[in-house]
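So that you can map any letter, position 111 of the sequence shown is 126 in this note's numbering, and since no number is skipped, the others follow by simple counting. Don't be surprised by glycine CBs; every beta carbon is placed ideally from N, CA and C. I have placed the structure first, in the form of structure tokens, so that the comments after it can refer back to it.
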Amino acid sequence: MPLIAIQTQPMEPDKLSTRQFELFREFIYRHSGIRVDLAKVTLVSNRIRRRLKACQQADFDAYYKFLNSAAGAGELEQFLDAVTTNETYFFRTPHHFDWFKGEFLDELVQRPQAGALSKKLRVWSAACSTGEEAYSIAICVQESSIKLHGWKTTIVGTDISEAVLRDARVATYKKRSLDEVSESRLRRQFDASADDATYTVRPALREMVEFRRHNLMEPLKLPPFDCIFIRNVLIYFDRASKQVVINNLVNALAPGGYLVVGPSEGIYDMLSPLVKRSTFAYQKS
Ligand SMILES: C[S@@+](CC[C@H](N)C(=O)[O-])C[C@H]1O[C@@H](n2cnc3c(N)ncnc32)[C@H](O)[C@@H]1O
């Protein structure tokens, strides 16, 4: 009987086994506080598969070993970037920005000020992804220049992923990110590319925002903030991690400062150290 030569191809790993998924879930939890949903095994498998190819690892087990080895230390960030969701856009949940520009700034400027030196507004866009939230805040501040005359504003955007922060610093966006931006804002605050496909935030606005890497599970070692936006990130955290993040955020707020909470964070019942001022704005008394 003739022998048939079968050419063996390296097997493409398809989906994480239950054991492998559990290992990666624990790893993600340990490094970010994110509790990946058990139903997301296909999504996570697909995203990790891209990374293991990029790192030339044979299969999920080999990639896991690599990720945990000294040689794979630089891969942690790319890995977290691949498995987290970075979707964002300008003026997401527009009434948060209406509130910021209106009620919040009105109240802030009416507070008794000791002198010009204390006229400082500090805003933190926590888990800012590619920067749209931080620049939306900067647009609100710039459009309030009369109200904020004599004030020094600092806007800080932070994220666990250096990759999204790099994009945030470049500040060039596709139209899809700009659906909520009015025509007049688009003309005033952005430079369009020749083919109109992308828009870059103008330098004056870019200079208002400072981006830095930060894990929400750790305290941010910066002076206190008057307003912190925490939106569309804690939905992925379990309760214990949410509690750690909330403590860090409350500690980062100045007295009288506000926490702006996204609609799906799942933390409304955990904000007792703050006073509820509206469905999304919580104040440190
Ligand atoms: C969906 S985006 C939210 C962006 C923006 N806040 C918004 O509401 O549109 C979630 C971001 O959270 C970041 N992230 C996830 N875990 C984090 C952590 N432990 N510390 C800081 N950022 C984290 C991700 O990298 C991602 O960019």
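Cβ-heavy atom distance, residue i to ligand 1, below 7 Å
i, result
"residue 232", "yes"
"residue 92", "no"
"residue 66", "no"
"residue 107", "yes"
"residue 155", "no"
"residue 70", "no"
"residue 253", "no"
Buried or exposed (CB count within 10 angstroms, at least 16 for buried), residue i
i, result
"residue 43", "buried"
"residue 247", "buried"
"residue 164", "exposed"
"residue 161", "exposed"
"residue 204", "buried"
"residue 107", "buried"
"residue 103", "buried"
"residue 241", "buried"
"residue 291", "exposed"
"residue 249", "buried"
As assigned by DSSP and simplified to three states, the class of residue i
i, result
"residue 34", "helix"
"residue 289", "coil"
"residue 241", "strand"
"residue 140", "strand"
"residue 73", "coil"
"residue 51", "coil"
Taking contact to mean at least 3 C-beta pairs separated by less than 8 Å, is the segment 225-245 in contact with the segment 155-171?
Yes: at least three Cβ pairs fall under 8 Å.
Contact the segment 275-290 vs the segment 260-267: 3+ CB pairs below 8 Å: Contact holds: three or more Cβ-Cβ distances are below 8 Å.
- prompt: Hey, is the segment 73-81 in contact with the segment 108-122, meaning 3+ C-beta pairs nearer than 8 Å?
  reply: Not touching, per the Cβ criterion.
So, do the segment 131-147 and the segment 179-188 have three or more beta carbon pairs nearer to each other than 8 Å? With the cut-off at 8 Å, the segment 131-147 and the segment 179-188 touch.
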